Amino acid sequence: MTAHPASDDLASFWMPFTANRQFKSAPRLLVSARGMYYRASDGREVLDGCAGLWCVNAGHCRDEIVAAVQQTAASLDYAPPFQMGHPLAFEAAAKVAKVMPAGLDRVFFTNSGSEAVDTALKIALAYHRARGEGQRTRLIGRERGYHGVGFGGISVGGISPNRKAFSGSLLGNVDHLPHTHNLEQNAFSKGQPAWGAHLADELERLVMLHDPSTIAAVIVEPVAGSTGVLIPPQGYLQRLREICTKHGILLIFDEVITGFGRLGRATASEFLGVTPDLITLAKAINNAAVPMGAVAASRKVHDAIVESGLPGAIELFHGYTYSAHPVASAAAIATQDVYRKEDLFARAGRLAPVFERAAHALADAPYVKDIRNLGLVAGIELESRADAPGARAYEVFVKCFEAGVLVRYTGDIVAFSPPLIVEEEQIEKIFGTVRKVLATVQ
Ligand code: PMP
Numbered sequence: 001m002t003a004h005p006a007s008d009d010l011a012s013f014w015m016p017f018t019a020n021r022q023f024k025s026a027p028r029l030l031v032s033a034r035g036m037y038y039r040a041s042d043g044r045e046v047l048d049g050c051a052g053l054w055c056v057n058a059g060h061c062r063d064e065i066v067a068a069v070q071q072t073a074a075s076l077d078y079a080p081p082f083q084m085g086h087p088l089a090f091e092a093a094a095k096v097a098k099v100m101p102a103g104l105d106r107v108f109f110t111n112s113g114s115e116a117v118d119t120a121l122k123i124a125l126a127y128h129r130a131r132g133e134g135q136r137t138r139l140i141g142r143e144r145g146y147h148g149v150g151f152g153g154i155s156v157g158g159i160s161p162n163r164k165a166f167s168g169s170l171l172g173n174v175d176h177l178p179h180t181h182n183l184e185q186n187a188f189s190k191g192q193p194a195w196g197a198h199l200a201d202e203l204e205r206l207v208m209l210h211d212p213s214t215i216a217a218v219i220v221e222p223v224a225g226s227t228g229v230l231i232p233p234q235g236y237l238q239r240l241r242e243i244c245t246k247h248g249i250l251l252i253f254d255e256v257i258t259g260f261g262r263l264g265r266a267t268a269s270e271f272l273g274v275t276p277d278l279i280t281l282a283k284a285i286n287n288a289a290v291p292m293g294a295v296a297a298s299r300k301v302h303d304a305i306v307e308s309g310l311p312g313a314i315e316l317f318h319g320y321t322y323s324a325h326p327v328a329s330a331a332a333i334a335t336q337d338v339y340r341k342e343d344l345f346a347r348a349g350r351l352a353p354v355f356e357r358a359a360h361a362l363a364d365a366p367y368v369k370d371i372r373n374l375g376l377v378a379g380i381e382l383e384s385r386a387d388a389p390g391a392r393a394y395e396v397f398v399k400c401f402e403a404g405v406l407v408r409y410t411g412d413i414v415a416f417s418p419p420l421i422v423e424e425e426q427i428e429k430i431f432g433t434v435r436k437v438l439a440t441v442q
């Protein structure tokens with residue numbers, strides 16, 4: 001396909017999470033990338049304010065990662081992961097384990113965040129069964145949570161359009177905590193809002209309703225991303241941890257977005273000082289160079305399953321043809337080396353106050369209803385148009401792209417998560433462009 005495809009050439013690709021007809025009438029195509037920039041098919045440079053899709057944390061097309069991918073593709077294209085192995089898989093797992101919170105050093109590889117979520121939910125069920133508590137089958141997610149698109153993920157997830165068409169076939173044994181977003185209490189909070197820790201006590205209520213002995217796991221995103229950047233209230237996650245521990249329930253943090261430096265530390269768990277039993281990962285694990293996801297499990301969970309099996313028998317009936325694919329593993333090793341050598345997580349932490357100032361400078365811009373931020377992630381919520389909810393943030397997204405800046409939108413929220421290599425002037429450019437665009441939207 002050429003850089004400027006004719007509309008017929010666009011027909012075959014059924015695009016994910018896209019208004020296909022609208023997109024194909026005015027496509028936005030990216031043809032190359034380097035560092036902080038994409039190049040669009042019409043030749044324009046586009047500053048990446050989203051790290052692609054919250055994933056290219058080291059910046060685009062890093063030489064070290066490209067070389068690792070190329071070399072591995074040429075030397076070990078594939079190796080079966082069941083009852084077989086290859087050294088890169090073990091090295092990648094060890095490198096990921098090294099930056100996980102203490103004790104969460106057993107790594108199960110998947111190919112995406114959605115698969116990581118379904119894997120973590122299955123591991124939670126298998127853990128309880130291995131310990132003789134197979135009646136613990138209930139899963140608890142949260143309203144507005146996004147946990148990918150597998151049936152497990154949409155069942156524990158809480159974004160209604162993602163569930164609606166499939167609602168007859170969602171997992172049955174699932175409940176949801178309330179989300180923590182409250183504009184009356186928390187609008188324009190910088191960092192973690194002071195109000196809302198008590199919402200975690202809803203977990204205690206659900207536990208009592210169903211009886212603790214029936215509950216397997218609670219899954220939340222420490223910072224909810226895809227629903228529009230919801231920052232956890234101070235003390236909220238600590239309280240969830242206490243309640244889970246008290247009742248023998250596993251706590252899963254979905255760190256597909258927050259993993260690998262987004263908040264200024266390797267994980268949100270480390271940044272916020274709350275350690276779950278399982279962490280789901282993907283995206284920045286290998287700088288999104290090749291599809292890869294993972295679950296980091298505590299030794300307690302891993303050992304209960306692996307040691308419960310009979311010697312010589314498979315312990316967990318779960319895995320993917322491409323689990324720990326050699327090329328994805330090589331990219332993960334190279335990516336983790338870049339993060340460490342350039343100290344990129346700490347860099348994100350140092351830039352966070354600059355990012356916060358630049359985001360909150362938009363408080364007086366037209367239609368801005370709330371601004372939320374933590375580390376290098378931010379969301380700006382706009383007043384919705386009465387006739388077309390979501391249309392205003394979409395217009396911002398399209399006009400920013402035309403003005404040479406990539407932002408994300410979800411509902412009427414514009415989201416920001418630049419690569420961790422972003423420079424201060426680029427942060428100003430991203431938010432400055434949004435300010436200019438907001439002056440022109442309907
Ligand atoms: N969990 C979270 C928190 C996510 O943000 C995402 C993707 N945005 C996923 C899971 C799903 O990941 P994937 O799209 O790789 O399946």
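Just so we're aligned, residue 1 is where the sequence shown starts under the UniProt record's numbering, counting upward by one. Ideal Cβ placement from N, Cα and C applies to all residues, glycine included. Computed from a predicted structure; not experimentally measured.
If you measure between the beta carbons of residue i and residue j, is that distance less than 7 angstroms?
i	j	result
H176	R142	yes
A68	A334	yes
V407	V414	yes
L373	A359	Here the sequence assigns Asn to residue 373, which means Leu is not the residue at that position. Taking 7 angstroms as the Cβ cut-off, N373 and A359 qualify as a contacting pair.
A296	L104	yes
I252	A217	yes
V306	E315	yes
L376	A403	no
L88	A330	yes
N57	G379	no
L240	D277	no
Apart from the five residues on each side of it in sequence, which residues of its chain come closer than 6 angstroms, Cβ to Cβ, to residue i?
i	result
T267	E255 and G259
P212	H247
R265	F271 and F345
E93	The amino acid at residue 93 is misidentified as Glu; the sequence shows Ala. V107, listed in sequence order.
Q238	V274
L53	none
Q336	K95
L125	A216
V220	R142
Who are residue i's beta bridge partners in DSSP?
i	result
R347	Looking at the DSSP assignment, R347 forms no beta bridge with any residue, so it has no partner.
D77	Paired residues: none, contrary to the question.
A224	L230
N373	A378
F109	A294
R28	Bridge partners of R28: none, in fact.
L177	R142
L406	D48
residue 509	With the chain covering only 1 through 442, there is no way to say anything about residue 509.
A388	R385
D254	T280
V414	I380 and Y409
I219	I252
Ordered along the chain, which non-local residues of its own chain (more than five positions away) have a Cβ less than 7 angstroms from that of residue i?
i	result
S323	P81, F109 and T110
F431	A358, A359, A361 and L362
R136	H128, S213, T214, I215 and A216
A365	R435 and L438
P291	N111, S112 and A328
G319	P81 and F82
N173	T137, R138 and L139
G153	S114, V117, D118 and H147
G134	H128
Y236	T180, G196, A197, L199 and A200
P27	L10
E395	V441 and Q442
E428	A358
Counting only the same chain and skipping the five closest in sequence on each side, list residues whose C-beta sits under 8 angstroms from that of residue i.
i	result
A367	In the sequence under discussion, the amino acid at residue 367 is Tyr, which differs from the Ala named in the question. The answer, listed in chain order, is L382, E383, R392, L438 and V441.
C55	A282, K283, A284, N287 and A288
I159	R144, G145, Y146, S226 and T227
A308	One point to set straight first is that residue 308 is Ser, not Ala, in the sequence displayed. Counting only Cβ-Cβ distances below 8 angstroms, and skipping sequence neighbours, we find A130, R131 and E315.
E423	M36
For residue i and residue j, which I take to be in contact (beta-carbon distance under 8 angstroms), what is that distance rounded to the nearest angstrom?
i	j	result
P389	D370	Not really, about 15 angstroms apart at Cβ, beyond 8 angstroms.
Y146	G225	7 angstroms
V149	L121	So it is not a contact: roughly 14 angstroms between Cβ atoms.
A74	T280	Actually they do not touch by this definition, with Cβ atoms about 31 angstroms apart.
Q234	Q192	5 angstroms
P222	S189	Actually they do not touch by this definition, with Cβ atoms about 16 angstroms apart.
F416	C50	7 angstroms
D48	P311	D48 to P311, Cβ: 50 angstroms. No contact.
Subject >> the segment 199-209 touching the segment 345-356, judged by at least three CB pairs closer than 8 angstroms >> reply: no
Subject >> the segment 291-311 / the segment 25-44 touching (three or more Cβ pairs under 8 angstroms) >> reply: no
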